[in-house]
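J.:
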Amino acid sequence: MKASKEVLGIIELAILQEIKARDFYRSIASQLPDKGANLKLNIMSDTEEEHRKILCNWYKRLTGNEPVIPESRKKEAKKLIATPPKNATIKDVVKIICEAEQRAFQFYTEAGEKAGDPDSKNVFKKLAQMEKSHEDFFRGEYETLVEDTSIRFGDEEIPWMIEAMG
13 MKASKEVLGI IELAILQEIK ARDFYRSIAS QLPDKGANLK LNIMSDTEEE
63 HRKILCNWYK RLTGNEPVIP ESRKKEAKKL IATPPKNATI KDVVKIICEA
113 EQRAFQFYTE AGEKAGDPDS KNVFKKLAQM EKSHEDFFRG EYETLVEDTS
163 IRFGDEEIPW MIEAMG
């Protein structure tokens, strides 16, 4: 199967987004004292890594080569996931996660619409569905944080080290 330059460009950007999301979840998880929250974020990190592998394998099947992503694409991808401020609360971080997952869903939905061949459309559709399920999960987490004032850990217990994410 041959892919258009546009589809390959979308895959490259998607790989970068998955790496950034994976690293973001790992960074936040490493800073949370709550084991349940830590586990959830590590699972999400692992899921994003699986998405990256799917995309890399797909790229390799299409081109016969491992993806080598130009620096210009890396700069473009950095803009797509917000970095929380150093004084962010857990609610702030979960809200950023919801927004990032929603943008990922939108990205894959639009990529599927642009893809010319049915195989590409199906892969993008599957990735969009996965991202939508992540958004729904974290939206529920956010609503719980907003509505439940008895959360087991306070914002002051989260030692943010956002510099480590750069």
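No gaps in the numbering here: position 13 of the sequence shown is 25 in our numbering, and each next residue is one more.
Virtual Cβ for every residue (Gly too), placed ideally from N, Cα, C.
Just so it is clear, the structure is predicted and the values come from calculations on it, not from any experiment.
Taking just the CA atoms, how far does Trp70 sit from Lys17?
T.: Counting from one through the sequence shown, the residue named residue 17 turns up at place 5. Counting from one through the sequence shown, the residue named residue 70 turns up at place 58. Computed Cα separation, rounded: 14 Å.
J.: Leaving aside the five residues before and after Lys138 along the sequence, list all residues of the same chain whose C-beta is less than 7 Å from its C-beta, in chain order.
T.: By one-based count along the sequence shown, residue 138 stands at place 126. So the list is empty, once near-sequence residues are dropped.
J.: Between which two residues does the alpha helix (DSSP H) holding Ile122 run?
T.: Here residue 122 corresponds to residue number 110 of the sequence shown, with the count starting at 1. It is Glu, not Ile, that sits at residue 122 in the sequence shown. 102-126 is the span of the alpha helix (DSSP H), which, as asked, contains Glu122.
J.: Would you call the stretch 75-85 in contact with the stretch 44-60, where contact means no fewer than 3 C-beta pairs closer than 8 Å?
T.: no
J.: CB-CB under 6 Å to Gly124, same chain, minus the five flanking residues each way: which ones, in chain order?
T.: Along the sequence shown, one-based indexing puts residue 124 at 112. Excluding positions up to five away in sequence, the list reads Lys133, Phe136, Lys137.
J.: Would you kindly work out how many angstroms separate the C-alpha atoms of Tyr120 and Tyr154, rounded to a whole number?
T.: Position 108 of the sequence shown, counted from the first residue, corresponds to residue 120. Position 142 of the sequence shown, counted from the first residue, corresponds to residue 154. Cα-Cα distance, rounded: 23 Å.
J.: If you check the beta carbons only, do Glu185 and Arg64 fall under 8 Å apart?
T.: An answer regarding residue 185 cannot be provided, because it is not within the stretch 13 to 178 covered by the chain.
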